[in-house]
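Residue numbers (full-length UniProt numbering): 1 to 308. Using N, Cα and C, we set each Cβ at its ideal position, and we do this for glycine too. Keep in mind it's a predicted model, so treat the numbers as computed, not measured.
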Amino acid sequence: MAVPVIDFSKLNGEERAKTMAQIANGCEEWGFFQLINHGIPEELLERVKKVSSEFYKLEREENFKNSTSVKLLSDLVEKKSSEKLEHADWEDVITLLDDNEWPERTPGFRETMAEYRSELKKLAVRLMEVMDENLGLPKGYIKKALNGGDGDNAFFGTKVSHYPPCPHPEYVKGLRAHTDAGGVILLFQDDKVGGLQMLKDGQWIDVQPLPNAIVINTGDQIEVLSNGRYKSCWHRVLATPDGNRRSIASFYNPSLKATICPAPQLVEKENQQVDDTYPKFVFGDYMSVYAEQKFLPKEPRFRAVRAM
């Protein structure tokens with residue numbers, strides 16, 4: 001069983017209907033799929049790989065050696081304990097936003113990542129329009145919902161993560177299993193070092209590395225907006241003894257003030273009341289719950305935010 005790989009360029013040709021159906025299947029049956037020929041220049045992607053790896057070596061590697069995760073793992077191994085690190089991840093991560101501080105010491109990092117983020121944001125919007133069409137919603141519906149109206153208020157963040165070689169991967173995850181809180185997630189993963197897995201029909205399967213593909217997954221808010229037709233998917237990253245896995249995830253998430261609820265058209269279409277699973281809520285309230293319950297089942301999060 002392999003995560004679907006979809007040629008995004010075929011949306012513009014004779015195979016448009018087939019490609020739309022593949023994306024619908026990716027959203028409905030998987031919650032994960034990979035896009036190739038997505039329109040982001042390969043030259044830019046090669047630069048992203050280069051500056052991200054240089055940034056880790058230059059600005060992060062030494063810090064990671066002194067990190068809490070490294071210390072906790074060392075303590076566990078010394079004790080010869082059979083326990084595992086349940087509350088830590090073997091991950092080094094920074095988040096890039098338009099208005100926060102960015103690394104300054106790595107040549108070309110700022111310029112390259114700003115250009116990359118701009119391209120990714122455009123791809124996210126194109127993808128949301130495909131979702132609108134597949135769901136029978138007006139063009140721009142999902143984007144407008146995530147922005148809380150017609151402005152450009154959505155949260156667009158980029159996590160630059162590295163998962164360094166782990167001497168005892170049996171004790172710790174690279175990143176613990178979770179669903180993503182937000183909207184559309186666009187991941188540029190390492191094309192050599194694997195480790196990303198998604199949960200499909202009760203089984204963990206690898207999201208296979210594919211050079212210069214962009215991995216798409218849908219977050220909790222897309223599940224709500226689609227009234228459950230599109231599911232957010234559990235995923236995790238395994239720690240590995242070899243290789244330093246690079247992972248660059250961009251999140252097109254709602255504004256904290258955006259009100260999220262199932263699209264009325266989908267509720268009416270299915271001739272049902274809004275399912276109790278998906279209440280109407282303000283995204284900032286959901287994030288308050290998610291911050292406490294990220295690694296726990298998602299259904300209680302929806303119930304908790306309904307009670308607020």
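Buried or exposed for residue i, going by 16 or more other Cβ atoms inside 10 Å?
| i | result |
| --- | --- |
| residue 298 | buried |
| residue 249 | buried |
| residue 113 | buried |
| residue 90 | buried |
| residue 300 | exposed |
| residue 118 | exposed |
| residue 12 | exposed |
| residue 95 | exposed |
| residue 52 | buried |
| residue 60 | buried |
| residue 207 | buried |
| residue 264 | exposed |
| residue 68 | exposed |
| residue 74 | exposed |
| residue 203 | exposed |
| residue 82 | exposed |
| residue 17 | exposed |
| residue 284 | exposed |
| residue 143 | buried |
Is the Cβ-Cβ distance between residue i and residue j less than 8 Å?
| i | j | result |
| --- | --- | --- |
| residue 85 | residue 97 | no |
| residue 217 | residue 39 | no |
| residue 289 | residue 257 | no |
| residue 172 | residue 88 | yes |
| residue 236 | residue 176 | yes |
| residue 148 | residue 4 | no |
| residue 76 | residue 213 | no |
| residue 261 | residue 278 | yes |
| residue 229 | residue 266 | yes |
Only counting the same chain, and skipping five residues up and downstream in sequence, which positions put a Cβ closer than 6 Å to that of residue i?
| i | result |
| --- | --- |
| residue 187 | 215, 249 |
| residue 247 | 161, 189 |
| residue 103 | 55, 59, 109 |
| residue 24 | 134 |
| residue 251 | 157, 182, 185 |
| residue 153 | 147, 255 |
| residue 121 | 156 |
In the DSSP assignment, what are the bridge partners of residue i?
| i | result |
| --- | --- |
| residue 318 | No answer is possible for residue 318: it lies beyond the span of the chain, which begins at 1 and ends at 308. |
| residue 206 | 197 |
| residue 161 | 93, 247 |
| residue 259 | 282 |
| residue 173 | 89, 238 |
| residue 178 | 235 |
| residue 6 | 35 |
| residue 155 | 253 |
Can you name, in chain order, every residue of its own chain whose Cβ lies under 8 Å from the Cβ of residue i, other than the five neighbours on each side?
| i | result |
| --- | --- |
| residue 165 | 240, 241, 242, 243, 244 |
| residue 70 | 64 |
Please work out which residues of its chain come closer than 7 Å, Cβ to Cβ, to residue i, disregarding the five sequence neighbours upstream and downstream, and give them in chain order.
| i | result |
| --- | --- |
| residue 1 | 200, 205 |
| residue 169 | 238, 239, 240, 241 |
| residue 195 | 163, 174, 237, 238, 240, 245 |
| residue 141 | 132, 263 |
Please decide whether residue i counts as near chain D, where near means a Cβ-Cβ distance under 8 Å.
| i | result |
| --- | --- |
| residue 128 | Looking at the structure shown, chain D is missing, and only one protein chain is on hand. |
Examine the Cβ distances between the stretch 222-232 and the stretch 130-142 and report whether three or more of them are shorter than 8 Å. Touching, yes, given that three or more Cβ pairs across the two stretches are closer than 8 Å.
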